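In terms of the numbering used here, the sequence shown is residues 2 to 108.
Have a look at the structure below before the remarks.
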Amino acid sequence: MERPLLVYTTFPDAPTALEIGEALVRARLAACVNVIPGMQSVYAWKGAVERGTEVVAILKTREGLADALAAELKQRHPYETPIILHLPVSGADPDTAAWIATETGLG
Numbered sequence: 002m003e004r005p006l007l008v009y010t011t012f013p014d015a016p017t018a019l020e021i022g023e024a025l026v027r028a029r030l031a032a033c034v035n036v037i038p039g040m041q042s043v044y045a046w047k048g049a050v051e052r053g054t055e056v057v058a059i060l061k062t063r064e065g066l067a068d069a070l071a072a073e074l075k076q077r078h079p080y081e082t083p084i085i086l087h088l089p090v091s092g093a094d095p096d097t098a099a100w101i102a103t104e105t106g107l108g
């Protein structure tokens, strides 16, 4: 079975994250998107240190969809350079892995 993959990204607000997350789930590029509001960020951007409020989104997918998911996320994302980090999963409950595979078109 193909290994699960977590994708970490951030959005400017929860409505944007939920809208894009739903589109990715409907497209079967992700089985689930967790949106965690209320994050405070400090980051370097174009030579300046910035602060902002963001939301975290963790997308549950599988390794074979990494490139397609990243491309769709970039296309829909409001940021000029969205953060897209692939977090490999070293192990998963078999039922969880099967659910992710099924919901992303392998089942």
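Backbone N, C-alpha and C fix where the C-beta goes; we use that ideal spot for every residue, glycine too.
Source: prediction; values computed, not measured.
The residue among Glu-20, Arg-29, Thr-97, Trp-46 with its C-alpha nearest the C-alpha of Ala-69 is Arg-29.
Buried is the label assigned to Gly-22, since at least 16 other Cβ atoms lie within 10 Å of its Cβ.
Assignment of beta-bridge partners to Ile-59 by DSSP yields Tyr-9, Asn-35. One Cα belongs to Met-40, the other to Glu-55, and the distance between them is close to 5 angstroms. Nearest in C-alpha terms to Leu-86, of all of Pro-5, Met-2, Glu-3, Thr-10, is Thr-10. In the structure shown, the three-state DSSP call for Ala-93 is coil. Per DSSP, reduced to three states, the secondary structure at Arg-27 is helical. Under the three-state reduction of DSSP output, Glu-3 falls in the coil class, being neither helix nor strand.
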